[in-house]
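Convert by adding 142 to the 1-based position in the sequence shown; the result is the number in the numbering used here.
Accompanying notes for the structure given below.
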Amino acid sequence: MAGHGNPFDAQEPIKGVKHVILVGSGKGGVGKSTVTVNLALALAQTGAQVGLLDADIYGPSLPRMLGCLGQKPMLSEDHLLLPLERMGLRLMSIGFLVDEGAALIWRGPMLFKALDQFFREVYWGDLDYLVVDLPPGTGDVQLSIAQKVPVSGAIVVTTPQNVALSDVKRAVDMFTKVKVPILGLIENMSYFQPQGQSERYQLFPKGELDQYLKETAIEKLAELPFNTQISMAGEVGIPYVESHRDAKEAKIFAEIAKRIRTTDLNAEGDPNS
Ligand SMILES: Nc1ncnc2c1ncn2[C@@H]1O[C@H](COP(=O)(O)OP(=O)(O)O)[C@@H](O)[C@H]1O
Ligand SMILES: [Mg+2]
């Protein structure tokens, strides 16, 4: 009922999907997609059934990061889109449907239609987690997803410096407003430690992020270092946690995955209840 009542009344679970987890950031370029891909794979490596939805309509990057650029999903007999399968993940991206680089200036109805398709017209099958790479910012896509499906939790990705902090606050406020529980924050490119050295270099100045997290009782799930191999892995299309399973950074993702698996998420969007 447009314009009436509670917009969240329109929420409808995705068939077969236990938990929807959103990965968001206030700011672009902080490594959200990189973190999403590696985290989804780390979850799959624990034995969970994981789907990955690239909902970044303004800059889909999962096709490249997962080595399936230019591929197209097939249709099932009953006209559902079949996700591509890579490294045990079921993938869907707006990038499979339109050319990378095509300027997407979707607004309003078209945008909602596309999102609806991703939730209702994709054959996800049975999934423990559907991890969603959101576009940066706090706009229509985030709001629309929260209204369409019950979300178990959100993870916020940022870099350490204060210029990113105001965007973190906006993202946190948005998730709170749409009643999506925040599972925690990942501080990406937290530091750089050259191989074989004990010294850590601060690529970005440390801002007041820790203070803010303390005040808001939001947990920092991890500090992920800058590592050129992580970036290279994204270019090559084989994510770092797949190619470097024993590396320190892969273990960081494994830890976060373990945390998510042991958190008592419920599909109505309320952890610990
Ligand atoms: N921890 C990291 N170490 C090195 N490079 C990284 C790291 N995280 C992200 N990057 C690189 O930073 C760039 C932006 O990351 P991306 O995941 O596309 O950000 P976003 O999705 O937030 O726009 C990419 O080139 C990516 O490879
Ligand atoms: Mg991205």
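Every residue gets a Cβ at the ideal spot worked out from N, C-alpha and C, and that includes glycine.
| Under 7 Å from any heavy atom of ligand 2, does the C-beta of K174 make it? | As a first step, residue 174 is located in the sequence shown; it is residue number 32 there, counting from the start. Yes, ligand 2 has a heavy atom inside 7 Å of this Cβ.
| task | Go to Y382, then tell me how far its alpha helix (DSSP H) extends in each direction, as first and last residue. | result | Counting from 1 along the sequence shown, the entry for residue 382 is found at position 240. DSSP places Y382 in the uninterrupted alpha helix (DSSP H) bounded by 382–385.
| Hey, L153 and Q289: beta-carbon distance below 8 Å or not? | If you number the sequence shown from 1, residue 153 lands on position 11. If you number the sequence shown from 1, residue 289 lands on position 147. Correcting the residue type first, residue 153 is Gln in the shown sequence and not Leu. Contact: yes.
| Could you check where the beta strand (DSSP E) with G166 kicks off and where it finishes? | For the purposes of this step, residue 166 is taken as residue 24 along the sequence shown, with counting starting at 1. That run of the beta strand (DSSP E) goes 159–166.
| message | If distances are taken between C-alpha atoms only, which option among L276, L223, L351 comes closest to Q364? | response | Against the sequence shown, residue 364 aligns to sequence position 222. The sequence as given places Ala at residue 364; Gln does not occur at that position. Comparing Cα positions, the closest option is L351.
| said: For E391, which residues in the same chain have their Cβ closer than 7 Å to its Cβ, ignoring the five residues on either side in sequence? | reply: Position 249 of the sequence shown, counted from the first residue, corresponds to residue 391. Shown here for E391: same chain residues with a beta carbon closer than 7 Å to its own, the five before and five after excluded, namely L366, P367, N369, I372, Y382 in chain order.
| query | Roughly how many angstroms separate the alpha carbons of H221 and M234, rounded to a whole number? | reply | Translated into the one-based positions of the sequence shown, residue 221 becomes position 79. Translated into the one-based positions of the sequence shown, residue 234 becomes position 92. One C-alpha to the other measures close to 15 Å.
| field | Member of R206, G281, A184 whose CA lies at the smallest distance from the CA of M374 | value | Start at 1 with the first residue of the sequence shown, and residue 374 comes out as number 232. Here the closest residue by C-alpha is R206.
| field | Inter-residue Cα distance where the pair is V310 and N330 | value | Here residue 310 refers to the residue found at position 168 when the sequence shown is read from its first residue. Here residue 330 refers to the residue found at position 188 when the sequence shown is read from its first residue. One C-alpha to the other measures close to 13 Å.
| field | 3 or more residues per run - each beta strand (DSSP E) lying fully within the region 151–225 | value | 159–166, 192–196
| Rounded straight-line distance, which links the Cα of D196 to that of A359 | By one-based count along the sequence shown, residue 359 stands at place 217. By one-based count along the sequence shown, residue 196 stands at place 54. Those two C-alpha atoms are separated by around 29 Å.
| said: Any heavy atom of ligand 4 closer than 7 Å to the beta-carbon of A288? | reply: Absent from the structure shown: ligand 4. Ligands present: ligand 1 and ligand 2.
| request: May I ask you to check if the CB of P278 is nearer than 7 Å to at least one heavy atom of ligand 1? | output: As a first step, residue 278 is located in the sequence shown; it is residue number 136 there, counting from the start. P278: yes, Cβ under 7 Å from ligand 1.
| task | Taking only the alpha-carbon atoms, compute the straight-line gap between K169 and G338 and give it to the nearest angstrom. | result | Locating residue 169 in the sequence shown gives position 27, counting from the first residue. Locating residue 338 in the sequence shown gives position 196, counting from the first residue. The straight-line gap from Cα to Cα measures roughly 32 Å.
| message | Less than 7 Å separating the Cβ of S286 from some heavy atom of ligand 1? | response | For the purposes of this step, residue 286 is taken as residue 144 along the sequence shown, with counting starting at 1. S286 Cβ: outside cutoff for every heavy atom of ligand 1.
| message | On the DSSP bridge list, what partners appear for Y343? | response | Looking up residue 343 in the sequence shown gives position 201. F334.
| said: Helix, strand or coil for I297? Go by DSSP, reduced to three states. | reply: Taking the sequence shown and counting its residues from 1, the one referred to as residue 297 is at position 155. It is a strand residue.
| task | Give me the Cα-Cα distance between V159 and Q353, rounded to the nearest whole angstrom. | result | The residue given as residue 159 occupies position 17 in the sequence shown. The residue given as residue 353 occupies position 211 in the sequence shown. Their Cα atoms are separated by approximately 36 Å.
| message | Assuming S175 and D151 are in contact, meaning their beta carbons sit under 8 Å apart, how far apart are those beta carbons, in whole angstroms? | response | Within the sequence shown, residue 175 is the residue found at index 33, counting from 1. Within the sequence shown, residue 151 is the residue found at index 9, counting from 1. About 32 Å separates the beta carbon of S175 from that of D151, a gap too long to meet the 8 Å contact definition.
| said: If you measure between the beta carbons of L231 and A182, is that distance less than 8 Å? | reply: Stepping through the sequence shown from its first residue, residue 231 is reached at position 89. Stepping through the sequence shown from its first residue, residue 182 is reached at position 40. Their beta carbons are under 8 Å apart, which means L231 touches A182 by this criterion.
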